[in-house]
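Peer 1: Encoded as structure tokens, here's the structure I'll be asking about.
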Amino acid sequence: MLRAGLLVTCIAVSAQEGHPLVGSWHGDRGTGPKNRTDVTLIMDWDGTQITGVVNPGFESMKLQNARLTPKDWSVHFELDSKDAAGKVARCMVDGKIDRLGSDQRTLTGTWLCGNVKQDFKLTRDRDYSH
Amino acid sequence: MRKGLFGVSLVVAIVAVSMWSAPFDAQTPAAGAQPGARGGRDGAVGDQGGGRAGRGGRGGRGAAPAGPSKPTPRWPDGRVNLSQVPGVKGFWNVMTGSPIAPAGLPGNLTLDQVPFQDWSRALYEYRRQRGGLDDPHVRCQPAGGMRFFTVPNGMEFIDQPELQRIFILDGENRDWRRIAMEPGRKHPSEDDLIPSYFGDSIGHWEGDTLVVDTVGFNEKFWFIRGGLPHTRFMHLIERFTRINFDTLRYQVTIDDKGAYTRPWSGGWDIPWQYTNYDGSPGGEIHEYFCIDNERDAQHFAGR
């Protein structure tokens, strides 16, 4: 019954069928299962460039040098993050898209800020818009 | 692992067969010229699929007069009539069609010539390898863009010159498009456009050809079977020419800076059908709603 309900939910919403990175993604990053930080990532594609922002709001971080490698659907972007002391650290984020054809594709990989290496997993939000 | 791969393969095979009963047939020329062409919801697998001959009945030309087609019909004011004429029922059998050679019109590009961006080519290949498993249309999403003219269940034009508009009615899910024919009309600004499956369409006549300019598409659909990618930047220029009574020539230019490196064009011919869709006398579009007979979702284990 639960599976049937999930299936109905899956078929009632729409995927984003354009550029596979476009949209909003949610998930977390951290050094282990008990040390996680929520992440929201918004990405867009203007035909030549991937743009986006991590954690939109007062502490948002703009994506830099973002690129998608279609050969293996790997993704790279960089951003400047402030640590607890307010010091800016360059973060290098490298991941890979999985379940490319799904309305809830995922992006997983490593999130390296300074010397701190974390893993991350993000899931693209379903599209309930027009 | 082997069991998992087998399972995925089986699902892909089942879905492919259930979604499209016609096989991939890249050698079939001139999609619209196939008597008895039949497919599932979309005619054939792959963008090069041009339909398939045989079977007759559902989707057949049905009682087409022998010999050459009658000339293009016209309204009393001389304009081309894109739909029925008094005393002759029928509709356009839009079941098949592709803008990619070897299907469709002689000038169509081959797949290698389509000016994909790197990501869109890779995504298209991924979709082909998945056998259409991820196709939104098989989950009853509308057939937006040029796919409107490749789904079964018939299509007709309703021309209302006094209201400066033309409707295109599709039997598939009873979808319809509205073509604004008001001289000088402009599309809404990008900020005011609400992305949609069928976009904002403005038409005008160039001689005997109806030219329709459409922008404002959403990204929730595949704009042709097989999954050629598009983005919200897609701009279509469609040209409809009734070259004789029995043939509507559809030509389209795809301008999408988000997915392709330059605009490109293709087209196919759409045949007139004189009978009902099941081959019985009548020549009228019947009611069809995908959601009434949705049986594919149970096979979507691979998503």
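Those sequence lines, one after another, are chains S and F.
To convert, count from 1 in the first sequence and add 20; that's my numbering.
To convert, count from 1 in the second sequence and add 22; that's my numbering.
Beta carbons are placed, not taken as given, at the ideal position from N, Cα and C, and that holds for glycine.
1) Between the segment 92 to 104 of chain F and the segment 146 to 158 of chain F, do at least 3 Cβ pairs fall closer than 8 Å?
2) Please identify the residue among Lys102/S, Gln36/S, Ala86/S and Val113/S whose C-alpha is closest to the C-alpha of Thr68/S.
3) Taking DSSP as the reference, what is the three-state secondary structure of Pro98/F?
4) Which residues in chain F have a C-beta closer than 8 Å to the C-beta of Gln36/S? List them in chain order.
5) Is any beta-carbon of chain S found at less than 8 Å from that of Leu155/F?
6) In the DSSP assignment, find the unbroken alpha helix (DSSP H) run with Glu147/F in it and report its ends.
7) Enumerate in chain order the residues of its own chain whose CB-to-CB distance from Thr71/S is below 6 Å, with the five nearest sequence positions on each side excluded.
8) Give the residues from the segment 254 to 277 of chain F that approach chain S closer than 8 Å (Cβ to any Cβ), ordered along the chain.
9) Checking contacts by CB at 8 Å: is Gly134/S closer than that to chain F?
10) Once the 5 residues before and after Gln163/F are set aside, which same chain residues still bring their CB inside 8 Å of it?
11) Do you know whose CA, among Leu127/F, Ile201/F and Glu212/F, lies nearest Ile180/F's CA?
12) At 3 residues or longer, what runs of the beta strand (DSSP E) sit wholly inside the segment 76 to 101 of chain S?
13) Relative to chain S, which residues along the segment 274 to 306 of chain F have a C-beta separation below 9 Å, given in chain order?
14) So, using beta-carbon positions, are Gly213/F and Val237/F closer together than 8 Å?
15) Using 8 Å as the threshold, is the C-beta distance between Val74/S and Glu98/S below it?
16) Rounded C-beta distance between Gln138/S and Thr130/S? I'm assuming under 8 Å.
17) Roughly how many whole angstroms lie between the Cα atoms of Pro217/F and Tyr310/F?
18) Can you pull the DSSP bridge partners for Tyr310/F?
19) Which of the three DSSP states is assigned to His159/F in this structure?
20) Give the range of the beta strand (DSSP E) segment to which Tyr272/F is assigned.
21) Step through the CB atoms of chain F and report whether any lies within less than 8 Å of the CB of Gly121/S.
22) Any C-beta of chain S sitting closer than 8 Å to the C-beta of Asp140/F?
23) At the 8 Å Cβ level, is Leu83/S part of the contact set with chain F, yes or no?
24) Would you check if the distance between the CB atom of Gly305/F and the CB atom of Lys111/F is smaller than 8 Å?
25) Using the C-alpha atoms, what's the distance from Thr253/F back to Leu120/S?
26) Return the chain-ordered list of same chain residues with a C-beta closer than 6 Å to the C-beta of Val39/F, the five sequence neighbours on each side being excluded.
27) Among Phe255/F, Gln186/F, His159/F and Asp300/F, which residue has its Cα nearest to the Cα of Ser211/F?
28) Does Glu228/F come out as helix, strand or coil in the three-state DSSP assignment?
Peer 2: Put simply:
1) no
2) Ala86/S
3) coil
4) Taking the beta carbon of Gln36/S as reference, the chain F residues within 8 Å of it are Glu241 and Lys242, listed in sequence order.
5) yes
6) Asp140 to Gln151
7) Asp64
8) Arg254 and Phe255
9) no
10) Tyr219, Lys242 and Phe243
11) Ile201/F
12) 84 to 89
13) Across the segment 274 to 306 of chain F, CB contacts with chain S closer than 9 Å involve Asp278, Lys279, Gly280 and Ala281, in sequence order along the chain.
14) The identity of residue 213/F in the sequence shown is Asp, whereas the question assumes Gly. No, they are not a contact pair.
15) no
16) Yes, Gln138/S and Thr130/S are in contact; Cβ-Cβ is about 7 Å, under 8 Å.
17) 25 Å
18) Glu194/F
19) helix
20) Unbroken beta strand (DSSP E) run through Tyr272/F: Thr269 to Asp277.
21) yes
22) yes
23) Judged by the 8 Å Cβ criterion, Leu83/S is not in contact with chain F.
24) Yes; because the gap between Cβ atoms is below 8 Å, this pair is in contact.
25) 16 Å
26) For Val39/F, the pLDDT reaches just 35, beneath the cut-off of 50, and the residue's location in the model is therefore unreliable, although a value from the coordinates is still provided. Cβ within range, chain order: n/a, list empty.
27) Phe255/F
28) strand
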